[in-house]
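Each remark here refers to the structure printed beneath this line.
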Amino acid sequence: MSFSVTKLAPAIVGPCEPTPSASLPLSPIDRAPGMRRLIDLFLVFGQPAQDPAKVVREALSRALVSYYPVAGRFAVSDNGELAVACTGDGIWFVEASADCSLKDVNNLERPFMIPKEELIPCPPPQVSQEDVFLMLQVTQFSCGGYVVGIRFNHAIFDGVGVAQFLKAIAELAKGLARPTVEPIWCREAIPDPPKLVPQGPPPVFQPLALEQSILDISLDRIDRIKSQFTSETGQKCSTFDAVGAVLWHCRTRAINLEPQADAHLAFPVSTRRLLQEVLPKEEGYYGNCVYPMAITAPGEKIKKASVVEIVSLIREAKESVPTKFSRWVKGDPREGPCMVPLEYGSLCVTDWSRVGFYEVDFGWGGPIQVAPLTEDDLIPWCILLQSPAPMRGVRLLLRCLLKEHLEAFHDQMSSLV
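Taking the UniProt record's numbering, the leading residue of the sequence shown gets 1, the next gets one more, and so forth.
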């Protein structure tokens with residue numbers, strides 16, 4: 001059975017009050033190669049809502065008064081760097097309706113019964129998508145539930161930042177006069193390390209034929225791994241440490257690396273707490289505040305290691321970030337964001353479960369699902385999400401395996417968790 005979504009024409013929503021005109025810098029992290037791209041996701045809200053598109057649109061217009069740079073456009077600064085012109089032009093907004101209930105489409109669990117393109121906004125053809133800062137689409141279903149489709153430019157926000165902005169819209173939708181967290185720009189406060197001259201030719205990217213899958217890990221099983229780590233080391237570890245260790249261990253065993261090949265694990269680490277001395281306050285900054293971390297080890301070592309030993313490797317890498325980040329911002333040529341080869345032996349793990357998306361509530365309750373929509377095949381990856389209620393635990397959105405390795409991977413995971 002097929003279902004359809006009817007979209008109204010995209011419209012521009014601007015700030016509801018006059019806002020400052022200025023040219024604002026981006027940080028060196030914002031300007032890093034590959035950041036000027038759109039990240040797509042949607043939030044599924046199962047509770048019946050009264051005209052959610054109107055409510056979100058009006059609250060968005062109010063939020064853009066405080067977040068006025070988001071209503072601007074990209075520009076080039078006097079020194080030739082990418083910057084933001086605060087023009088007050090606004091962002092693209094789409095209102096839509098679906099001819100079915102969320103239950104009819106299994107609450108938009110994967111595989112999606114409605115094409116994802118129907119649930120996220122798209123600007124008019126003449127608009128270059130890489131120039132867009134943010135787009136929103138609100139699609140209401142016949143049951144009264146709704147989906148908010150989001151496309152944000154990674155040069156303007158990181159995950160925590162865009163979640164902060166969405167929570168600000170939600171607070172205004174519920175009647176607050178101002179967001180509880182006041183936004184700050186302050187991109188110029190992020191130190192700008194000396195630029196290093198690239199060595200050698202640029203890398204050649206070969207997309208991988210990766211399969212996408214879902215795996216839920218219960219909270220009980222995660223707690224068991226954390227307890228085992230504490231019992232053997234006398235230390236504590238996070239849910240990310242435990243899940244990341246199991247995932248890396250099982251995947252390395254499943255993919256049949258060559259005996260002499262290395263295994264690589266990459267993950268972003270937040271640097272907000274490391275920048276407290278240069279940012280004016282702890283909350284409010286919505287630019288990119290991450291440092292890419294990586295671990296490289298012989299594949300045979302990761303296959304033979306215990307989960308506790310791999311957790312220790314992850315913790316050691318995380319503990320080294322303050323020193324590495326400090327050296328990097330001071331221009332130490334030996335340091336820099338850790339990169340891994342774009343190859344099948346690498347794995348990139350990102351945690352979305354605590355970014356803030358699950359706290360967005362426009363007045364009818366929080367989302368029953370957060371759905372990242374990336375289909376990047378340049379590097380194997382996994383995103384950690386919250387398992388949908390009534391389950392308690394972590395959901396893994398995986399795109400890190402070739403078809404022939406899926407069964408072996410799931411067997412390995414079953415044996416450990």
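From the three backbone atoms N, C-alpha and C, an ideal C-beta is built for every residue, glycine too.
Between the Cα of residue i and those of the options, spot the shortest distance and give me the residue it belongs to.
i           : options                   : result
D51         : P372, R273 and C143       : C143
E375        : C400, L274 and L342       : C400
N288        : T6, P20, K7 and R36       : R36
T139        : I156, C122, A96 and A170  : A96
P259        : V269, G299 and R221       : G299
G159        : T350, P388, L397 and D361 : T350
L247        : L406, S101, P15 and P179  : L406
P33         : R392, G145 and E81        : E81
P388        : R62, D216 and A189        : D216
Y291        : K301, R31, S270 and F42   : S270
E188        : F229, P25 and L398        : P25
E17         : I29, K54 and L64          : L64
residue 436 : W352, R315 and Q412       : Beyond the ends of the chain as shown, which are 1 and 417, falls residue 436; an answer cannot be given.
T239        : I222, C250 and T230       : I222
S306        : P390, F165, L219 and L416 : L416
K403        : V76, E211, V127 and G145  : E211
Q412        : R151, H249 and T19        : H249
W352        : R178, T19, S414 and L398  : L398
residue 423 : S218, A297 and D220       : There is simply no residue 423 to check, as the chain begins at 1 and stops at 417 in what is shown.
Can you have a look at residue i and say buried or exposed, based on whether 16 or more other CB atoms are within 10 angstroms of its CB?
i    : result
V370 : buried
V278 : exposed
F205 : exposed
A11  : exposed
T323 : exposed
N106 : exposed
E171 : buried
S4   : exposed
Q276 : exposed
M293 : buried
G88  : buried
A9   : exposed
S61  : buried
M135 : buried
P121 : buried
G244 : buried
Q129 : exposed
N153 : buried
D40  : buried
V44  : buried
D30  : buried
T180 : exposed
P15  : buried
Report all residues from its chain with a CB closer than 7 Å to the CB of residue i; omit the five preceding and five following residues, and keep chain order.
i    : result
K303 : T252 and R253
Y344 : L208, I255 and P380
V13  : R57, L60, S61, G90, I91 and F93
E282 : Q276
V321 : V269, Y291 and M293
F141 : A98, C100, S101 and L102
W329 : The residue asked about is misnamed: residue 329 is Val in this sequence, not Trp. The answer, listed in chain order, is P191 and P193.
Q228 : V308
T6   : A96 and S97
How many whole angstroms separate the CB atoms of residue i and residue j, which I take to be in contact at a CB cut-off of 8 Å?
i    : j    : result
A85  : S23  : 6 Å
F237 : V311 : According to the sequence as given, residue 237 is Cys; it is not Phe. Their Cβ separation, rounded to whole angstroms, is 5 Å, which keeps C237 and V311 in contact under 8 Å.
L108 : V147 : 7 Å
I214 : L347 : Actually they are not in contact, since the Cβ atoms of I214 and L347 sit about 17 Å apart, beyond 8 Å.
A173 : F362 : 5 Å
C186 : P280 : 6 Å
E373 : F165 : The residue you asked about is not Glu; residue 373 is Leu in the sequence shown. Wrong, their Cβ atoms sit about 18 Å apart, outside the cutoff.
R327 : L219 : So it is not a contact: roughly 37 Å between Cβ atoms.
G145 : Q137 : Not a contact, Cβ separation roughly 15 Å.
Please list, in chain order, all residues of the same chain as residue i whose beta carbon is under 6 Å from its beta carbon, the five residues on each side excluded.
i           : result
E182        : G284
I156        : F133
W364        : Q47 and A49
K226        : C237 and A242
V355        : G159, V160 and A163
F325        : T271, L274 and Y291
F74         : D131
E232        : V308
A408        : A254
residue 503 : Summary: the structure shown does not reach residue 503, with the chain confined to residues 1 through 417, and so no result is reported for it.
D377        : P207, L208 and L210
G72         : V84, A85, C86 and T87
Sorted by chain position, which residues of the same chain lie with C-beta nearer than 8 Å to residue i's C-beta, five sequence neighbours on each side aside?
i    : result
L111 : First, the amino acid is wrong: residue 111 is Pro here, not Leu. Contacts found: none.
Y358 : G366, P367, V370 and Q386
G331 : P193 and P194
M113 : F3, D104, V105 and N106
S77  : S23, P25 and A83
From the beta carbon of residue i, is the nearest beta carbon of chain C less than 9 Å away?
i    : result
I184 : The chain inventory of the structure shown lacks chain C, comprising one protein chain alone.
>> With a threshold of 8 Å, are at least 3 pairs of Cβ atoms found where one atom belongs to the stretch 255–266 and the other to the stretch 339–346?
In response: The stretch 255–266 is in contact with the stretch 339–346.
> Using 8 Å as the threshold, is the stretch 111–130 in touch with the stretch 61–73, meaning 3 or more CB pairs across them?
Replying inline: Between the stretch 111–130 and the stretch 61–73 there are fewer than three C-beta pairs closer than 8 Å, too few to call the two in contact.
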